[in-house]
Amino acid sequence: MDCYEIWCDLRESHADLQFAEAVHDYMNYLKSDGLIANYRLTRRKLGFGPAGMGEFHITIETENLSQL
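Here the sequence shown is numbered in the working numbering, starting from 38 and rising by one per residue.
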């Protein structure tokens, strides 16, 4: 299993629900086509977490490098 980590912030913080929905739609599309094994979208809240990292964190899991 290989894991790829993405951290990001939004320019428009009021668009957080649309962002989360778009990420879920796209990742579910990739998963249904067998291009990824799984994914997770999390959000850093209340200032907890490493300084300088984005508010949103996406983890993409693949079975191997060729799957990605």
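Glycine included, every Cβ here is placed at the ideal spot set by N, Cα and C.
None of these values were measured; they are calculated from a predicted model.
Across the structure, Cys45 and Met38 are spaced so that their CA atoms are roughly 23 Å apart. Straight-line spacing of the CA atoms in Ser69 and Phe56 works out to 20 Å.
Spatial neighbours of His94 in its own chain (CB-CB distance under 6 Å, excluding positions within 5 residues in sequence) are listed in chain order as Trp44 and Thr79. Here Thr96 is not near Ile73, since their CB atoms are 7 Å or more apart.
Close CB contacts of Arg77 within its chain, under the 6 Å cut and outside five residues either way in sequence, are with Thr96 (chain order). In terms of CA proximity to Ser50, Arg81 leads the group Ser103, Leu105, Arg81 and Gly86.
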